[in-house]
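The end of the sequence shown is residue 895 by the numbering used here, with every number in the run present. Glycine residues also receive a C-beta, built at the ideal position from the N, C-alpha and C atoms. Everything numeric in this text was worked out from a predicted model, so none of it was measured. Comments concern the structure below.
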Amino acid sequence: MQPLTRGIYTARLADGSPDMDASLTLRQICFRPGQGRSDHDRFDAACRHVLVTANAAVVACFRVQLFARPQSLSDSYAAQFYDLAPMNPQARPMLELGRFCLNPAHADPDILRLAWAALTRLVDDAQAGLLFGCSSFAGADAARHLPALGYLAHHHLGPGPIRPRRRAPESIDLRSLADPGQTPALPPLLKTYLSMGGWVSDHAVLDRDLNTTHVFTALDIAAIPPARARALRALAQTS
């Protein structure tokens, strides 16, 4: 992927140890505040890492892993928590998005736009038919997230035949939750997924390691509204 630029921001692939160190620093801030340990894991080596920078400072980052064969999904990060076997019959490449984070000191919406432009280019380059990953709520506390999870259950559940099954020891059945009757606040990444036609699993997982509650999230690339797809691809080509 060639670098993309929008104003003062540049999105590019990580190149070498200094870039990875900068990415891991931001990930520690976002995913492991106060833990005092690195967010590096065994999946990093198999992924491509994207940085969004401003004057050499990393303001956003994410990683992607391509699965050309659905049967290899068992090697994905999400497969630690979800049984992805129902997705195996799909004969199309899939791209897992992970560790998507924004520097909390930078609130410019152009950062998120450029990150999605870079992701769009990676999806198109890989000819991926599905984008998937884990979308997280801060805090491994089911009670505080019940309104949002109930909303997801009643409005955004994925197709039954391909929805992941349970694997994690601690999970919440979304289908047992009430519809809050209004749209609650949602994490930015999840909100973006849903705005493009994404769907979620029928259960959420309590992740004690990262102190989050997350849902499996997927986006069928062909289901993205045409106007939205054109806008993303235009940004990916002109940035």
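For residue i versus residue j, is the C-beta spacing smaller than 8 Å?
i      : j      : result
Ala722 : Asp675 : For the sequence presented, residue 722 should be read as Leu rather than Ala. Against a cut-off of 8 Å, the Cβ pair of Asp675 and Leu722 comes out as no contact.
Tyr903 : Gly754 : Because the chain is modelled from 657 through 895, residue 903 falls outside the range shown and cannot be assessed.
Arg864 : Ala796 : yes
Thr776 : Leu888 : yes
Pro742 : Arg819 : yes
Leu768 : Pro844 : yes
His762 : Arg822 : no
Leu866 : Glu826 : no
Secondary structure at residue i, three-state DSSP: helix, strand or coil?
i      : result
Asp675 : helix
Leu842 : coil
His812 : coil
Ile828 : strand
Tyr665 : strand
Leu768 : helix
Ala710 : strand
Arg755 : strand
Would you list the one or two residues that DSSP bridges to residue i?
i      : result
Phe699 : Beta-bridge pairing links Phe699 to no other residue.
Ser791 : Val871
Asp739 : Arg821
Trp855 : Ala874
His705 : Arg719
If contacts are defined as beta-carbon pairs under 8 Å, then residue i and residue j qualify, I think. What distance do you get, rounded to the angstrom?
i      : j      : result
Ala716 : Leu758 : 5 Å
Ala667 : Ala771 : 6 Å
Arg688 : His705 : Between His705 and Arg688 the Cβ distance is about 17 Å, and since that is not below 8 Å, they are no contact.
Ser791 : His870 : 6 Å
Arg886 : Asp766 : So it is not a contact: roughly 19 Å between Cβ atoms.
Pro726 : Asn711 : Actually they do not touch by this definition, with Cβ atoms about 41 Å apart.
Pro881 : Gly853 : 7 Å
task = Assess, as a yes-or-no matter, whether the region 777-790 is touched by the region 861-875 under the definition of 3 or more beta carbon pairs within less than 8 Å.
result = These segments touch.
key: Segment contact, 8 Å Cβ cut-off, at least three pairs: the region 827-841 with the region 802-810   = Note that the region 827-841 touches the region 802-810; at least 3 beta-carbon pairs, one per stretch, sit closer than 8 Å.
The region 765-780 in contact with the region 811-821 per 3-pair CB rule at 8 Å = With the cut-off at 8 Å, the region 765-780 and the region 811-821 do not touch.
Cβ pair count under 8 Å reaching 3, the region 678-695 against the region 741-752 = no
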